Each structure stands twice: as structure tokens, then as C-alpha cells.
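Those protein sequences? They're chains A and B, same order as listed.
The first sequence begins at 43 in the working numbering and counts up by one.
The second sequence begins at 43 in the working numbering and counts up by one.
All C-beta atoms in this analysis are idealised placements derived from N, C-alpha and C, irrespective of residue type, glycine included.
This one's a predicted model, so the numbers in the text were calculated from it and none came from an experiment.
Here the structure is laid out as C-alpha cells; the discussion comes afterwards.
There are 2 protein chains.
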Amino acid sequence: MMRAAPSQEEVRRDNLGTLLRHIHLRGPASRAALAEGMGLNRSTIMALTGDLTAAGVVREELPRGTGRPSLMVSPESTRVYVLAFDIGVDRLVAARVGLGGVILDRREAERPRDSFDPDALVGALAGFTRQLVRKAGRDAVCVGAGAAFSGTVRRADGTIRYGPDLGAKDVSLGDALSRRLALGLTVAIGNDANLGALAEHQRGVGVGCPDLIYLHGDVGVGGGIIVGGRLLEGADGYGGEVGHMVVNPSGRRCGCGSLGCLEAEVGEHALLERAGRGGAGRVGRDAVRAVVDAADRGDAAARDALHRTGEWLGLGVANLVNIFNPGMVIFGGTLRDIYPASAAQVRSRLATSTPAAPRERVRLRTAELGDDTTLVGAAELAFGEVLADPLQVLARLRTAVPDPSGTTA
Amino acid sequence: MMRAAPSQEEVRRDNLGTLLRHIHLRGPASRAALAEGMGLNRSTIMALTGDLTAAGVVREELPRGTGRPSLMVSPESTRVYVLAFDIGVDRLVAARVGLGGVILDRREAERPRDSFDPDALVGALAGFTRQLVRKAGRDAVCVGAGAAFSGTVRRADGTIRYGPDLGAKDVSLGDALSRRLALGLTVAIGNDANLGALAEHQRGVGVGCPDLIYLHGDVGVGGGIIVGGRLLEGADGYGGEVGHMVVNPSGRRCGCGSLGCLEAEVGEHALLERAGRGGAGRVGRDAVRAVVDAADRGDAAARDALHRTGEWLGLGVANLVNIFNPGMVIFGGTLRDIYPASAAQVRSRLATSTPAAPRERVRLRTAELGDDTTLVGAAELAFGEVLADPLQVLARLRTAVPDPSGTTA
């Protein structure tokens, strides 16, 4: 509480971070625009971009074919990258993501359900990583690694506390991954919906909206919440677990042991059962899409299942709108398909379950980054350290670049 | 997003505010302790305390009877004060609160239910204000005014959008109060539970807990939520309306028109009806206390009513713990009596309705500031401006001190 204003050295570091973050999130900008946007004079901007250019994270060049005198500052996207992993219930994605947010390369595999083998998981990601790193340029530097996981993650050490196919045993996935990759980097782990919220807030439909809720559907329903521009983490990093909000106390049994949790009423199992497709049939994203497609073709059972699911989704959204007064609610994962097919029910429930004030300006939207929302969030998590202190992180990494092909075999 | 690091002038203003806020919230401190706490050298601290002393907001003196060389810096509590109003469902409180948070003087009246007469309300508060201001010293300066209101308040202009005895008509209470008091000050209005959360966070049981939820019971249930040390306001300031979270979709009709809202299941009416005391009997805080007293004496109906109310309260708390992963949940207003009498039900529901991780470190507590929680919150709202920029606000007010006895008659 008593923190004094920052020192000159902190000011310089923060300005470097602010400038680099701007280039990273919004793309190339002229020195003049940066000076105006940051409220700094042009000589200060020139000193900052000079430092960043020397560190190899941005480049400055005259824009082609224009008479404009101001140098454009662009991110060195292929030279400065992170590794991003998305560990979903049904799939595994690994990507090399360059500064500026461009996905330079990616690998993807299906993931078997109903078993959780940390060794196999780490092994698969390490294999992907070797392929990705090998393709990077000789002068490229990996500045971070992040993973999105569909479960409850303790902020302090990245331990998985609870997951849909995992139950409630603690797994030190971040440590295991960091050791196995052996890139001299810690792999930061975050809850997939929390990272999805960050991604949509920074690069998706939620840009410019400081108060938003991201709902991510897969087997269950996860949530990530941005409050006043910052991710709601809670005391230990478990914040945003809206899937276990009870919306129907006499409802369906949830995997957590409780009755009528939002994810029990809105998750994949509930939808498939209501549509008469439970049991041994297809599961996952494709199965959910099949219900939506059937409803589009006029299948009454599918349509009814979506409408009933939409009622509960609407009740959950209404509760969250009352609690948070958000500017936007974003539907991602399977909810990207379910919401448009049940929007009337969701909106009707929202209109009747909450006083007017908190809902009158809320926008309901689907995730703009599509199937990559949580992957992009993992990349942003990985970029966090270098954006907070660019020069220090770059200096450390450039003096100790490991040889991944030798150590991760 | 692109905000640059602060200028020297902003640094000085922020340091003055930080120092004054510390003295205001934590009481007298030595220059040496301030220097260490703020990480500034002693000559910088001396310059800051000198400015604040010259402005008349703090005084510096040698501690009596000790050999300690460091001057103590204390708030000028009787010279610098705010007006705080608490507009509850059943009572009206006005107080003069000095810098440092000391309640210097107060007036209180009962408020009739089931009618909302803004003119009468403003008139009553203006009358109290005249009495309070008249008793202040000649050299005292009123630096702000704030009011806690048991309803939904729009942040932008302090308009009341929804209230228990008010329905959903818009009332510009802040404007009306500011005009009528004619102190040259804007009366800031906040939702009572939001301000209660701030008060308990800054001066009550929640000190040092950056993630907490305050639940305030009266006719309904209000909520105020602190996320990462900051009040959750939402897009328009309506955040924290947990009373309209639906916990029982086939439950009791709520005043908002919905079914089974937390406040419909946990509010005063539900408790009194369950205890067989609905209808024409006593209402309000005393009626709730009578149920708790009866249960203590062994009255089975009262005990059962409290236990059933505790079940729903526990379900609401469990939902909030899942969503926020708070370090603490604080029960205020009538819930200060209801929670201890139903703690077993609340805790049992919490244990079964949420996965272990988000609840394992949460503490359930009653409000430490007692019946004054929301009043103290209104005072802190009023102090906000002077703490953000002490010298500028003081300079403005000292050059234009109005004569309240002449203008508010």
C-alpha cells in the first residue's frame, strides 16, 4: 500500500515495456505516433526504440513509397518468439508464436480422453517443441513458454489441482514440462479459460472492453474474467471457475460431486443426452457441432436440446451479469457453436433474471480468435516476462542459448 | 494502455497522496517509518510532510517521553473532515468524520419503509448537515461528502437506478443533495455494500486481504467485491449485485420479478416467514435479531428458519467462492446476526458445492465495523479526492469556504 512512485530506472524499464507491448499488440507504429500516444517527447522515444532495436526485438525503417519522415517501428516477429501450448480435453496444440502475435508454425494432435498420463503428455509436447525449434532461424531467440490447461491451476507454482479427466490429484505439470524441454525457460501454466479471456481482451472481440467475461465450453464450462482491465485471479489463482456455480440445485450431477453446476447443465454431456445422443456415440467438439447441424436441418430433438441448454446458459449468464456488470460476455470453445443456436433462450433468460441496469449495455459475442483463443492466451502468458522487462530478459537469454536438439532427445 | 510512466510532478502528487493515505488509514507514523515504508530517503519524506503540514492536513511533533529523534506525523483529524451519509432501508445516519477515520459527531433517525420521498430524504440530511457543520471548529475544512445508498447506483453521475423501496425509476440523488447542502462540494453516492466492502478492506476485518467479498443483509442482500485490492465496479458501476444471483430457479419470488434470487431466499422476508413471523409483525434489523434470540432460547421454528436460510446463504457463498476464489467472505448488516446462527449450514454447503481448491483457504468472518461498516465506507468515498491530490484540493477549498448556515436554510 505504501509503495512510493517509481525511480528513474523503473520509469525507463516501464516505458520500454509499454512501448514494446504496444508494438506487440497493435502492430507497427511510427515514432511520431508512439510519442503522441505515450505523451513523451520524440527524443525520449528515439532513445527507447534505439535500446529495443539494439536488443533485436524491434526494427526501425522508413515506410516504403511515402514521403513521411517518421521511422516505423516494427516487431522482430521471426527473431523473437515464444512457445505456446494448448492442452485441451480432446487435443494438444503446440505453436511457435512470434512477437506481434503471429503464429509462425504449429503442431496439433488428438488427445485420448478419460486417461491422464503426464509423462505421455510432456513427451508429446517435447516432441512438438523439437520440431518447432529446429525450424526457427539461427538468430531467433525463444523468450518464454506458456501452456493453457483445462483445469484448476495454482498460481504460485503452476500445479494442476483439478481437471476434468484428472480428478483432484496435484500434478506439477509446469515443472515437468520445463525440465523436459530443457530450453532454460520456465513453462508458465494457466487455466485455459483465464488465458482465453486475456487473449480475446488483448487481440480478439474484447479489445477496448475493460470488463468482460469469457466462457469456454468443452466437456465442462470454464470461465475467465477481466475486471478493470486485469484478469481476476483470486487469492490463489483459481478465480473464474464459473462452471461450478450451481444454477439448478435439484439438477444434474456434476463431476465435482455437486448438483446442477453450470457445467453439468450446459456442458457437452448434458447437450448430447438431451439430444438423444448420449452414451457410446461421438463426443467432443464434433459431436456438439453435429447437434447444431441437425438442429439447423430441422431435427426437433436437437433443437429442443439446444433450447433447454440455452435456458441454463442464460441463467448462468444472467447471474454473472448481475455480479460483474460486464461490458461483454464472450462465448468460446463449444459455446461458440451452442450460443448462436440458443441465443433467443439466453437473451430471454437474461432479460427476465436480472434488473435492467447491469444488463442494459452488455454485448453477447462469440470468440473472435476461434479455435485459437486459448492457444493465443498461452502465447500472451509466455510473452509476459519479456514485455515487463525487455532488455534484462533479452540480455539473459542471448548469453545462454541452449542447443535444444542435443538436450531434449 | 499506452500510458507512459509518470512525470516528476505526477510523482510528487502521487507520493503526497500515498503518504497521506497511509497516515489516514494506519494512524500516526514517524518520518523514519514513512521513509522506510515508501522506499524514499529522509529528505524526500521531509519535503513531503512539510508540504502536508503547510496545507494543514498533518502535524509533526516529537513523541512525548521518548528519546526517539524522529518526528511523528499525525492526521489533523478535527481540522480536516468529510460528511458521510448512510441511507439504509430503515435508518438514516449522517456523520462528520475526521481525517484518520475518526467519527467526530453523528446524527441518526429512523426512516419509514415502503415510501421513497427524495425531497424529504434530502431535507433530513441537510438538517443533520447544518447541525454537524455548525459544531465543527472555525478552522476546520470539509474536504468531501459521500453517501451510501441501499440500491443500484450509476457510477457516471450517482443516479439511483434501482432500490428496494424505489423500484426502477431513476433518481438523481447526488445532484439533489449537492445542491441542497450548498457546501461547494459534490456528494458522491455509492452502493452501500460496495462501500461496506471498501470499509472492511481498509479499516475492518479485511485489512491485508486483497480479494474479499462483503455481503450486506437488510431487506435484500447486497454485495461488494474487492478484486486484487480494488473494488469491482463493472462497466457502469453496478458490479457486485450478488443479491440477484439466482440460487433456486423454482424458489421464492423476488422483488426484481425473478424467482429464487439470493436475496429472495436469504433476505429478511424469507427468514421471518420461515420463522412464522411474516405478515404484520415487526420488520427490520430488530425483527431479525428477535428470530436469532428466539433460536438461542431453543425456539424450534426460529432455529429451523435460520438453518434453512443458512442452506441458501451457503449455496450463494459457494457460488461466489467458485467464481472469485476470495481470501475472505464478510457478513454485514443483518447477516452479521444470521451467519453465526447458521454457520454450520453455510460451511456444510460450501464444503459440498465447490471443488476443494478455491475454498481451502477462504475465511468466513463478520463485519468488524459493526453497524458502521457502510457509513465508514461513505466516509472513505468522500476522502477519495483529497487523498488523490491533497494540495490541489486543499488549496481550492481554503480559497472558497462557504457559509453553510446561510445557504442551506
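Item: Cross-chain neighbours of Asp-253/A in chain B, by beta carbon under 7 Å; Value: Gly-276 and Ala-277
Item: Partner residues on chain A for Arg-245/B, Cβ-Cβ distance less than 8 Å; Value: Those within 8 Å of Arg-245/B in chain A number zero; the least Cβ separation is about 13 Å.
Item: Buried/exposed call for Asp-414/A, threshold 16 Cβ in 10 Å; Value: buried
Item: Cβ-Cβ separation, Ser-390/B to Gly-412/B (assumed contact under 8 Å), whole Å; Value: Not a contact, Cβ separation roughly 27 Å.
Item: In DSSP terms, what Glu-427/B is bridged to; Value: In DSSP, Glu-427/B forms no bridge with anything.
Item: Cutoff 7 Å: Asn-233/B Cβ touching any chain A Cβ; Value: no
Item: Chain-ordered chain A contacts of His-286/B [CB-CB under 7 Å]; Value: Asn-364, Thr-396 and Pro-397
Item: Cα-Cα separation, Gly-381/A to Ala-230/A; Value: It is worth fixing the name first, because residue 381/A is Tyr in this sequence and not Gly. For Tyr-381/A and Ala-230/A, the distance between alpha carbons rounds to 31 Å.
Item: Nearest-angstrom beta carbon gap, Gly-264/B and Arg-196/B [assumed within contact, 8 Å]; Value: That belief does not hold up - the Cβ atoms of Arg-196/B and Gly-264/B are roughly 16 Å apart, past 8 Å.
Item: Amino acids of chain B, ordered along the chain, whose beta-carbon sits closer than 9 Å to that of Ser-300/A; Value: Ala-360, Thr-394, Ser-395, Thr-396 and Pro-397
Item: Inter-stretch contact (C-beta, 8 Å, three-pair minimum) for the stretch 334–345 of chain A and the stretch 292–305 of chain A; Value: no
Item: Arg-295/A at chain B interface by Cβ criterion, 7 Å; Value: no
Item: Beta-ladder partner(s) of Thr-408/B, from DSSP; Value: Phe-373/B
Item: Among Asp-346/A, Arg-272/A and Arg-54/A, nearest to Val-249/A - alpha-carbon criterion; Value: Arg-272/A
Item: Option in Arg-405/B, Ala-137/B and Glu-310/B with minimal Cα separation from Gly-326/B; Value: Glu-310/B
Item: Limits of the unbroken beta strand (DSSP E) element including Pro-117/B; Value: 114–117
Item: Spatially closest choice to Ala-166/B from Arg-155/B, Ala-151/B and Asn-83/B, by CA coordinates; Value: Ala-151/B
Item: Pick from Thr-86/A, Pro-70/A, Ser-119/A and Leu-313/A that is closest to Ala-421/A, judged by C-alpha positions; Value: Ser-119/A
Item: Neighbour flag for Gly-130/B against chain A, beta carbons, 7 Å; Value: no
Item: Closest residue to Ser-49/A among Leu-76/B, Asp-212/B and Leu-82/B (Cα-Cα distance); Value: Leu-82/B
Item: Uninterrupted alpha helix (DSSP H) stretches inside the stretch 186–269 of chain B (no shorter than 4 residues); Value: 215–223 and 234–245
Item: Burial state of Ser-395/A (16 or more Cβ within 10 Å); Value: buried
Item: Those runs of the beta strand (DSSP E) which lie wholly inside the stretch 123–175 of chain B and span at least 3 residues; Value: 133–140 and 144–152
Item: Where the beta strand (DSSP E) through Arg-324/A begins and ends; Value: Premise fails: Arg-324/A is in no beta strand (DSSP E) and is neither H nor E.
Item: Neighbour list for Leu-368/B in chain A, Cβ cutoff strictly below 7 Å; Value: Before going on, a small fix: residue 368/B reads as Pro here, not Leu. Ordered by position in chain A, the residues that pass the 7 Å Cβ test against Pro-368/B are Gly-276 and Ala-277.
Item: Collapsed DSSP secondary structure at Val-288/A in the structure displayed; Value: strand
Item: For Arg-345/A, the first and last residue of its enclosing alpha helix (DSSP H); Value: 342–366
Item: Spatially closest choice to Val-261/B from Pro-206/B, Asn-361/B, Asp-147/B and Val-124/B, by CA coordinates; Value: Pro-206/B
Item: Within chain A, the residues that Tyr-204/B reaches when beta carbons sit closer than 7 Å; Value: Pro-397 and Ala-399
Item: Straight-line Cα distance separating Val-115/A from Leu-254/B; Value: 43 Å
Item: Identity of the residues DSSP links to Leu-273/B by a beta bridge; Value: Ile-268/B
Item: Any non-hydrogen atom of the ligand PLP closer than 6 Å to Ile-372/A Cβ; Value: The ligand PLP is not part of this structure, which contains no ligands at all.
Item: Chain-ordered neighbours of Asn-83/A on chain B, where CB pairs are closer than 8 Å; Value: Those within 8 Å of Asn-83/A in chain B number zero; the least Cβ separation is about 10 Å.
Item: Within chain B, partners of Glu-102/A - CB distance below 7 Å; Value: Residues of chain B passing the Cβ test: none, with the nearest at roughly 18 Å.
Item: Neighbourhood of Leu-104/A by C-beta distance below 7 Å, restricted to the same chain and skipping five residues each side; Value: Leu-113
Item: Chain-ordered chain A contacts of Val-18/B [CB-CB under 7 Å]; Value: Any question about residue 18/B goes unanswered here, given that chain B covers just 43 to 451.
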